[in-house]
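Here the structure is laid out as structure tokens; the discussion comes afterwards.
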Amino acid sequence: RHTDWAIAIGEAERFAVYADARFKGGAYDPSDPPSAGLAAARMTAMLTYRAPRSVDDRHRRSVAIAENAALEGSKKKTSVSEAIVETEKAEHEELGLVPRQIPLTRRSSLPRYDVENYLRYQGRKFARRFDPNCYVSLTHTLDTHDVSRGRGTPYEAALRSLPHDTLVVGITSDALYPFHLQKELVTHMPNAKMYAIDSKHGHDAFLIEIADLNAAAVAFRGGKTTRNEIDGTMYGTADTSFLKLAKAALRVDCGIDSEMDALATRTARGRAVKNTPGELLTSEASRRPYASDMGHQPPALPDAVALPNTTNQVAALVRLCHDKRVPVTTRGAGTGLEGGAVAYAGGLVVDTSRLKLLQFDEENQTCLVGAGVLKNELDLYLKPFGVLFGPDPSSNPSIGGMASTGGSGMSTLKYGTSKENVRSMTVVTPFGDVLQTRRATRKSSTGYELNALYLGAEGTLGIITELIVRTFPRPKRRVGAVVTFADVRSASSAVVEATQSANLETLLRCELLNDEGVECTNAVFKTRLAKRPTLFLEFISVKRVDDPAPLNDWETFSSIAERHGAVSKTFAKDGETLDQLWDARRGCYLAALKYRGVVDGSGRKEKVYVGDVCVPVSKLSECAAETEKAFKQAGFPCVMCAHISDGNFHCLVPFLDEEADKLEALNDKVIKRALALGGAASGEHGVGVGKMKHMLAEHGPFHLETQRSIKRALDPRNIMNPGKVVPMRVTEEERQARHALIGGPGTGSSRL
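Each residue of the sequence shown is one higher than the one before, starting from 1 at the first, in the UniProt record's numbering.
As structure tokens, then:
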């Protein structure tokens, strides 16, 4: 049905007809119709068929005169001014108008633009061929048509009742039938697919971009499309012709296609790296490992997997996918937990694991790193230089993956998250362009901060291929301790006081395992920790091996722990002893996989549901204690491991398939509690698909629409990791939230 916008356009066109004195309420003489009114209506309509950029690019403020205008039969005049006057006189006579009484000298100073000629010509031509009453009747019919009329149901319900396979084509610049309304049709029609024509030409793009439209129709009728069930977008497929072109893209930079490529090398510590062709995986067996990540989200098999070796190969692949509308999902080490690297829309997975560039800048203490380099690989490379990369997640992810989700790990208190440790990035955009997000200086206030835009975007805005990261001096002294408490609340309270009021500059790590986390670790790894909530601490000095500062900070923390009821304290005086403790902490996820199988003797592995809420440190003890209580009351084992010094904690819960719904509902309550305390649904694991439903509650409708607008602007074809992070459909819940904030219908609220 027409929107109010379309109805308003129709009424403006009809009023132009009514305003012609010859219309006479529709009882005009057929030999003397209201041609001027009908021509004006047509001129108005013509503006809605195109978009401003299309009109501007076509006419470019060109000035036209009678001899090059579309006025049939005009003769060449002796001057421009005479030509303009004669042209207007002929037009007015044809349409039955009184010519404008403008002195020739004044009219000659006013240009006659090509776009004016175009509109007047279209108006006159239409007036000769169409009946004014028919035009009025037809536009009225279009404005009043409503698919829900006579069905006794609301418009949205009527759309939901249409079971047919339907192709909805939306034109991104269409002013008459706006693109967002076409997506609304797909939202409500159960078997509708969306195909976007990204064109500057407005509504008439369906006539101009005919090849694009035909390709969509042929693919739809032949069933050769992949449907993204999350937002209804219709994509092209990785068919035989696509795969052939993808293989060619993976030969870029390899000296195969040009002499320039033969010289393409990168240098890492003086070693020349010869580029080789990337690899394309198409067999089901080779694609199967890419169907899931380490989380509990459902699997999905990609159509193909590309393993490029260079940024230019990535760019060539993305340009191909953009042209063919094939969705692109980026994957690093596959250690994600929220389905962010799973290709739910099918298409191409770009595996960055071969982007292994490493180049340390000793003068600036930064390192140029390929996105596929693993965290442990980077640390091993940096060790001879006496430095390290600060963030320390336990899963050994790729550096590109860490940047894409904002990963951090156990050393956030000292070094911050990956977002604070990336100086600059090389990114391939959804169009296949390559950009550097910023210069690698310590400070830059030049323009928008693109670094922040791509960090945490999870591949939905582009593919990170290289990063320049900060490094820190390696510690010369490491000491630590294990402190147990009677309950999680007491342990959390001790950490809150220590991090807020004590100046513990040498504290690197402060991690918590609850009693069940300790029991799980003991059962699987045969450790002998006391079954109580336990803090693992590490203090470091980068100055010298006998620096007393770490010991002094430990003594300060020890006193705080005693005030909060510490049950026991065990001091670890060297790094070797500490490493054994940290190995146990890092193994929490693997231990949770085997936990119930070890306890009952079956030896089975189970799926593990991983929570990732983060709350203000002041609310940590309350949220952690209530969360542990909720899981235990529901009968689920709750292996809690927490980066407790920054308010981020994980609940690792082994479960069976039949327990999944109950567990998800319980975790939703945990997230709701964290949000109510001013926290976040995800501290470091990202959104993926698992946390999308909490975006509205955390950010609100206007924040969500802003993120959606960024996605649409940078990735208009929605090919980059579609269906992740930002929900592209506006739900009824979001509409109601928006109305509540701006004083919408029936809310009783007002923005004023």
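Note that beta-carbon positions come from the ideal geometry of N, C-alpha and C, so glycine has one too. Please read these numbers as outputs of a predicted model, since none were measured by experiment.
Between residue i and the rest of its own chain, which residues show a CB-CB distance below 8 Å, the 5 nearest in sequence each way excluded?
i	result
I9	T44, A45, T48 and L176
E698	L675, A680 and A681
H564	F485, S490, A491, S493, A494 and E497
In the DSSP assignment, find the beta strand (DSSP E) that holds residue i and state where it starts and stops.
i	result
S424	V422 to V428
F557	Unbroken run through F557 is the alpha helix (DSSP H), A549 to R563; no beta strand (DSSP E).
D657	Here D657 belongs to no beta strand (DSSP E), and DSSP marks it neither H nor E.
D143	Run containing D143: none in the beta strand (DSSP E); it sits in the alpha helix (DSSP H), P132 to T144.
Q359	L358 to D361
In angstroms, rounded to a whole number, what distance separates the CA positions of residue i and residue j?
i	j	result
D239	T706	35 Å
K383	A502	31 Å
N421	K375	13 Å
F536	D574	14 Å
Q736	P111	51 Å
residue 754	R221	Given a span of 1 to 752 for the chain in the structure shown, any question on residue 754 remains unanswerable.
Y113	R120	11 Å
A246	K193	26 Å
V350	R717	18 Å
Y415	G390	5 Å
I560	L512	16 Å
Y18	G96	15 Å
G400	V373	8 Å
E734	L704	9 Å
K244	L280	10 Å
D661	G611	15 Å
W458	S404	Sequence inspection shows Glu at residue 458; the Trp mentioned does not correspond to that position. Going by the C-alpha atoms only, they are around 4 Å apart.
T417	A624	21 Å
S173	V653	48 Å
E497	K629	23 Å
Restricting to Cα atoms, I'd like to know which of the options is closest to residue i.
i	options	result
D56	L138, E116 and R22	E116
L581	F631, V518 and R596	V518
R124	R423, G688, A36 and L652	A36
R586	R509, F702, A41 and A457	R509
K356	P327, A316, L307 and T329	L307
I197	Q182, V169, L185 and K183	V169
G340	L301, S292 and R160	S292
G700	G690, P727 and M720	P727
L213	E458, R325, L317 and T534	R325
P616	L590, H643 and C638	H643
G690	S492, M294 and Q359	M294
G407	G456, I171 and D323	G456
L167	G432, L185, R319 and T153	L185
Where do the ends of the alpha helix (DSSP H) carrying residue i lie?
i	result
D212	I210 to G222
D57	P52 to H59
C321	T311 to K324
Q707	P701 to L714
Q736	E732 to I742
R478	It is not in any alpha helix (DSSP H) - R478 instead sits in the beta strand (DSSP E) that spans R477 to T484.
Y18	D4 to Y18
S493	V488 to S501
Spatial neighbours of residue i within its chain, please: CB distance less than 6 Å, with the 5 preceding and 5 following residues excluded, ordered by chain position.
i	result
P298	none
N228	Unreliable positioning characterises N228 in this predicted model, as indicated by a pLDDT of 40, which lies under 50. The coordinate reading is nonetheless provided below. Cβ within range, chain order: A345, P722 and G723.
F15	none
E284	none
N648	C614 and G683
residue 756	Given that the chain is displayed from residue 1 to residue 752, the structure contains no residue 756 and the question cannot be resolved.
K543	none
S395	T335
A591	C520, T521 and V524
P277	L250, R251 and C254
Ignore the nearest five residues each way along the sequence and tell me which others in residue i's own chain have a CB closer than 7 Å to its CB.
i	result
I671	V613, A681 and H694
R439	S424
Q122	R42, M43 and M46
A64	R112, Y113, D114 and N117
N451	V422, S424, M425, T437 and R438
N667	Y609 and G611
T527	T521 and A584
H188	E156, L159 and R160
G462	V427, V428, T429, P430, Y454 and M720
So is the beta-carbon of residue i under 7 Å away from any non-hydrogen atom of the ligand ATP?
i	result
R288	Only the bare structure without any ligand can be found here, which leaves the ligand ATP out of the picture.
Using a beta-carbon distance below 8 Å, is residue i in contact with chain D?
i	result
V186	Among the chains in the structure shown there is no chain D, since it carries only a single protein chain.
Check your understanding: At which residue ranges does the region 372–456 contain complete alpha helix (DSSP H) runs of 4 or more residues, listed in the order of the chain?
Key -> 375–382, 399–405, 412–415 and 450–454
Check your understanding: Unbroken alpha helix (DSSP H) runs of length 4 or more, entirely within the region 580–637: which are they?
Key -> 588–600 and 620–633
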